[in-house]
Amino acid sequence: MNVIENIKMALSSLRAHKMRSILTMLGIIIGVGSVIAVVAIGQGGEAMLKSQIVGEGNTIELFYMPSEEELQANPNAWLVNPFTSEDIQALEKIPEVSSVVALSSEFANARYREDVIDASITGINQAYLDVNGLDVEQGRSFLPADLLAGQRVAVVSHSFQEELFDGKSPLGQIIYIFSQPVEVVGVLEEPTGIFSFGANEVYLPWKTWRTIFGKSEYSQVMLQAENADDLQVAGEKAADLLNRMHDTDEAYQVMNMEEIAAGIGQITTIMTIIIGSIAGVSLLVGGIGVMNIMLVSVTERTREIGIRMSVGATRGQILFQFLVESVTLTLIGGLIGMLLGGGAASLVSYFAGWPPLISLPVIIGGVLFSMIIGVVFGILPANKASRLDPIESLRYE
Amino acid sequence: MIKLASIVKSYRIGKEQVDVLRGIDLQIKKGEFTAIMGPSGSGKSTLMNIIGCLDRPTSGEYFLNGERVSEYDEVALARVRNRSLGFVFQQFQLLPRLNAWKNVELPLIYAGVPRKEREERAMEALHRVGLSDRANHLPNELSGGQKQRVAIARAIVNQPKIILADEPTGALDSKTSAQIMELFAMLNQDGTTVVLVTHEQEIADYAERTVFVRDGKLIGEEEEANREVSES
Chain A
123 MNVIENIKMA LSSLRAHKMR SILTMLGIII GVGSVIAVVA IGQGGEAMLK
173 SQIVGEGNTI ELFYMPSEEE LQANPNAWLV NPFTSEDIQA LEKIPEVSSV
223 VALSSEFANA RYREDVIDAS ITGINQAYLD VNGLDVEQGR SFLPADLLAG
273 QRVAVVSHSF QEELFDGKSP LGQIIYIFSQ PVEVVGVLEE PTGIFSFGAN
323 EVYLPWKTWR TIFGKSEYSQ VMLQAENADD LQVAGEKAAD LLNRMHDTDE
373 AYQVMNMEEI AAGIGQITTI MTIIIGSIAG VSLLVGGIGV MNIMLVSVTE
423 RTREIGIRMS VGATRGQILF QFLVESVTLT LIGGLIGMLL GGGAASLVSY
473 FAGWPPLISL PVIIGGVLFS MIIGVVFGIL PANKASRLDP IESLRYE
Chain B
59 MIKLASIVKS YRIGKEQVDV LRGIDLQIKK GEFTAIMGPS GSGKSTLMNI
109 IGCLDRPTSG EYFLNGERVS EYDEVALARV RNRSLGFVFQ QFQLLPRLNA
159 WKNVELPLIY AGVPRKEREE RAMEALHRVG LSDRANHLPN ELSGGQKQRV
209 AIARAIVNQP KIILADEPTG ALDSKTSAQI MELFAMLNQD GTTVVLVTHE
259 QEIADYAERT VFVRDGKLIG EEEEANREVS ES
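Residue numbers (my numbering), protein chains in the order written: chain A, 123 to 519; chain B, 59 to 290.
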């Protein structure tokens with residue numbers, strides 16, 4: 123009496139009661155499906171949050187936070203962009219650092235003919251292009267020559283184009299920023315994802331930005347390391363160097379990405395556990411449904427059990443037969459549930475714009491878990507079946 | 059082949075003890091065709107269940123092929139039922155969702171016979187009872203006599219030494235009953251020991267030997283020396 127024989131028997135008896143089997147499975151389908159969906163959505167969200175914090179291209183950000191004394195000595199410290207060109211050159215010499223992404227941002231009016239809107243005007247360096255890039259949907263991105271020569275060219279965001287140009291092509295048009303003319307050469311793609319929103323943005327070569335705004339410091343600096351593992355080391359070295367150059371104590375700091383990522387991981391894990399256990403309750407209810415139906419099935423098939431015993435089935439074989447039946451029920455339900463749950467998670471991640479994370483451990487865990495539910499909730503009915511008295515069972519009407 | 063020594067079976071119903079069998083001594087030799095007769099409530103079915111290893115005696119000893127099966131555990135008894143015994147019941151006891159040959163192969167599944175051999179042997183057993191052409195029919199597509207033939211095929215498929223039939227013709231008309239009894243006689247002539255429980259003299263007449271049970275005791279027996287005569 124092997125397992126395959128038992129599984130065939132289980133399938134044919136489930137087929138004999140289609141409606142009942144499907145309804146019973148539905149409980150497992152909903153339970154497994156919701157657990158899988160919650161876990162997959164949770165993991166996808168966590169991955170996306172982490173990647174947004176750590177930044178694309180695996181960069182680490184330096185920031186400037188003057189202490190009380192430094193602020194008292196120089197109350198304008200907040201207003202000045204903290205990173206000078208010399209700082210950038212010095213940072214580039216740190217051995218672990220492969221590139222130094224630097225930019226400056228300022229809100230300003232942008233005018234096209236009679237229309238004026240507010241926009242964030244950002245000047246970027248070559249490293250920014252290398253590391254982050256500009257995803258252009260119309261026209262072109264900056265050429266190295268634009269950056270080197272400080273050409274008066276601009277790449278604008280999708281929503282900037284929509285607001286100022288009414289969706290018409292802005293390529294080749296002249297816009298005025300701070301009353302200074304620049305030519306639009308490219309439009310960025312519309313950002314996707316639930317945490318992105320369309321902002322009015324204009325990107326300029328750093329030198330152009332410096333000329334327009336008359337400021338020669340950078341507001342934001344990010345480092346990229348040759349080796350991602352050196353990122354934290356490179357960041358700390360950079361902060362030390364800047365503090366020495368500016369003769370400050372701890373005004374230049376680096377974010378500790380590992381701590382932040384771990385914190386986010388913890389939060390999302392807790393959220394996943396909470397929502398997952400609520401979903402788990404439905405799985406429990408589904409399991410009780412399986413037990414209920416199996417008990418009914420044992421009673422209905424009392425005579426069958428008697429017949430099987432009379433032709434030589436042991437109590438163990440009867441127990442195993444009913445256990446296989448309940449496991450088959452929950453396993454099929456579990457597989458369908460995983461398909462639906464995985465589908466729901468993929469759908470959510472598609473609209474939220476983060477990677478669907480249905481990992482192998484989740485699938486293996488789902489399969490094992492459905493089987494365990496089959497065993498746990500099947501053992502009672504199967505045990506009842508195996509304890510029937512063959513003579514009584516053969517007389518059962 | 060079958061040896062029962064002082065078999066007692068009693069049940070406790072509430073506070074009252076009911077003695078169904080009160081000390082049965084019985085021997086059945088290899089190749090015998092024995093009928094157990096008695097009125098209803100005499101304990102003949104209980105006796106049959108004990109012989110069939112479906113039930114255990116309260117006391118007494120039961121030897122089957124020289125083995126003391128009254129001491130066997132549940133797994134060993136299941137094996138005896140599977141390998142050494144074949145049952146035929148009054149109510150046929152076929153699984154309604156399985157067709158004829160799948161019903162017949164059931165004992166072979168529990169005997170661990172490979173699939174292909176199971177099918178061959180099931181078809182062969184159906185052939186012996188004359189039902190080869192009904193192999194793919196479900197029980198409810200068969201007549202009472204055909205159902206009982208399927209049940210007999212199931213009983214003989216694992217080539218047991220003993221066939222136990224509990225009122226096998228109780229649900230059949232007299233013509234069909236005669237056909238079924240001829241089948242048992244044929245199996246007996248091929249060397250199978252047949253034990254039959256009945257309350258009808260006509261049916262018991264097919265057996266070579268009849269033992270009478272009343273109130274849980276054997277009250278006598280007779281050898282049917284004239285079996286050949288009664289058949290003709």
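A virtual CB, placed ideally from N, CA and C, is assigned to each residue, including glycine.
Bear in mind that the values here come from a model prediction, so they are computed numbers and not experimental data.
Could you check whether the Cβ of glutamate 177/B sits closer than 7 angstroms to any heavy atom belonging to the ligand ADP?
With respect to small molecules bound, the structure shown includes none, and the ligand ADP cannot be examined in it.
For leucine 225/A, which option in Ile392/A, Leu326/A and Ser143/A has the closest C-alpha, if you only look at C-alpha atoms?
Nearest option by C-alpha distance: Leu326/A.
Please report the straight-line C-alpha distance between arginine 235/A and glutamate 305/A, rounded to a whole angstrom.
Taking the straight line joining both Cα atoms gives about 13 angstroms.
Can you name the residues of chain A whose CB is closer than 7 angstroms to the CB of glutamine 204/B?
Correct list: empty, because the minimum Cβ distance to chain A is about 18 angstroms.
Give me the Cα-Cα distance between histidine 139/A and leucine 148/A, rounded to the nearest whole angstrom.
Rounded to whole angstroms, histidine 139/A to leucine 148/A spans 14 angstroms at the Cα level.
Could you tell me whether any Cβ in chain A is nearer than 8 angstroms to the Cβ of asparagine 123/B?
Not an interface residue.
So arginine 437/A contacts chain B; which residues on that side make the cut at Cβ distance below 9 angstroms?
Ordered by position in chain B, the residues that pass the 9 angstroms Cβ test against arginine 437/A are Glu132, Val133 and Ala136.
Is the beta carbon of glutamine 32/B less than 8 angstroms from the beta carbon of alanine 229/B?
The structure shown does not extend to residue 32/B, since chain B is modelled only from 59 through 290, so no value can be given for it.
Taking 8 angstroms as the threshold, find out whether the segment 244-259 of chain B comes into contact with the segment 215-228 of chain B through three or more Cβ pairs.
Because the criterion of three Cβ pairs below 8 angstroms is met, the segment 244-259 of chain B and the segment 215-228 of chain B touch.
Three-state secondary structure (DSSP) at phenylalanine 264/A?
It is coil, neither helix nor strand.
Tell me which residues share the same chain as aspartate 371/A and place their Cβ nearer than 8 angstroms to its Cβ, disregarding the 5 neighbours each side in the sequence.
Ser189, Glu192 and Asn365.
Contact between the segment 188-202 of chain B and the segment 135-148 of chain B is defined here as three or more beta-carbon pairs at a separation below 8 angstroms; is this criterion met?
Touching, no, given that fewer than three Cβ pairs across the two stretches are closer than 8 angstroms.
Could you please give me the residues that DSSP links to valine 255/B through a beta bridge?
For valine 255/B, which the question treats as bridged, DSSP gives the partners Ile94/B and Asp224/B.
Are the C-beta of leucine 516/A and some C-beta of chain B separated by less than 8 angstroms?
Cβ-Cβ to chain B under 8 angstroms: yes for leucine 516/A.
Decide if glutamine 259/B is buried, meaning its Cβ has at least 16 other Cβ atoms within 10 Å, or exposed.
Glutamine 259/B is exposed by the Cβ-count criterion.
So for tyrosine 340/A, helix, strand or coil by DSSP?
It is a strand residue.
Does DSSP classify arginine 80/B as helix, strand or coil?
Strand.
If distances are taken between C-alpha atoms only, which option among Gly245/A, Ile239/A and Pro266/A comes closest to aspartate 288/A?
The option with the nearest alpha carbon to aspartate 288/A is Ile239/A.
Which of helix, strand or coil does DSSP assign to glycine 249/B?
It is coil, neither helix nor strand.
Who are the Cβ neighbours of glycine 221/A in its own chain at under 7 angstroms, not counting the five residues just before and after it?
For clarity, residue 221/A is serine in the given sequence; the question names glycine instead. Once the five neighbours on either side are set aside, the close Cβ partners of serine 221/A are Ala249, Asp252, Val253 and Gln346.
Is it true that the CB of leucine 62/B sits closer than 8 angstroms to the CB of isoleucine 82/B?
The answer is yes: Cβ separation under 8 angstroms.
Residues of chain B with CB under 7 angstroms from alanine 138/A, in chain order?
Within chain B, the residues near alanine 138/A are Arg155.
Count the CB pairs spanning the segment 239-246 of chain B and the segment 64-78 of chain B that are closer than 8 angstroms, and state whether there are at least three.
No: the two stretches stay apart, fewer than three of their Cβ pairs being nearer than 8 angstroms.
With H, G and I counted as helix, E and B as strand and the rest as coil, what does DSSP make of proline 303/A?
Strand at proline 303/A.
Please state the DSSP three-state secondary structure of glutamate 372/A.
In the structure shown, glutamate 372/A sits in coil (DSSP, three-state: anything other than H, G, I, E or B).
May I ask which residues mark the beginning and end of the alpha helix (DSSP H) holding lysine 174/B?
Note, lysine 174/B: alpha helix (DSSP H), 173-186.
Going by alpha carbons, who is nearest to glutamine 165/A out of Val470/A, Thr333/A, Glu426/A and Asp511/A?
Checked all of Val470/A, Thr333/A, Glu426/A and Asp511/A; the closest Cα to glutamine 165/A is Val470/A.
If we count the other Cβ atoms within 10 Å of its Cβ and call it buried at 16 or more, is glycine 500/A buried or exposed?
It is buried - the Cβ of glycine 500/A has at least 16 other Cβ atoms within 10 Å.
How is glycine 72/B classed by DSSP in three states: helix, strand or coil?
Correct three-state label for glycine 72/B: coil.
Between the C-alpha atoms of alanine 169/A and phenylalanine 264/A, what's the straight-line distance to the nearest angstrom?
About 31 angstroms.
Flag this pair as touching only if the segment 443-459 of chain A and the segment 409-425 of chain A have three or more C-beta atom pairs under 8 angstroms; answer yes or no.
The segment 443-459 of chain A vs the segment 409-425 of chain A: in contact.
Taking C-beta pairs closer than 9 angstroms, name the residues in chain A that arginine 186/B reaches, listed in chain order.
Correct list: empty, because the minimum Cβ distance to chain A is about 17 angstroms.
How many Å lie between alanine 209/B and asparagine 107/B at the Cα?
When rounded, the distance between both Cα atoms is 17 angstroms.
Closer than 8 angstroms, CB to CB, is serine 419/A near chain B or not?
So no, serine 419/A is outside the interface.
Determine the burial state of tyrosine 120/B: buried for a count of at least 16 other Cβ atoms within 10 Å of its Cβ, exposed for fewer.
Buried: at least 16 other Cβ atoms inside 10 Å.
Per DSSP, what are the beta-bridge partners of leucine 143/B in this structure?
Answer is Ile220/B.
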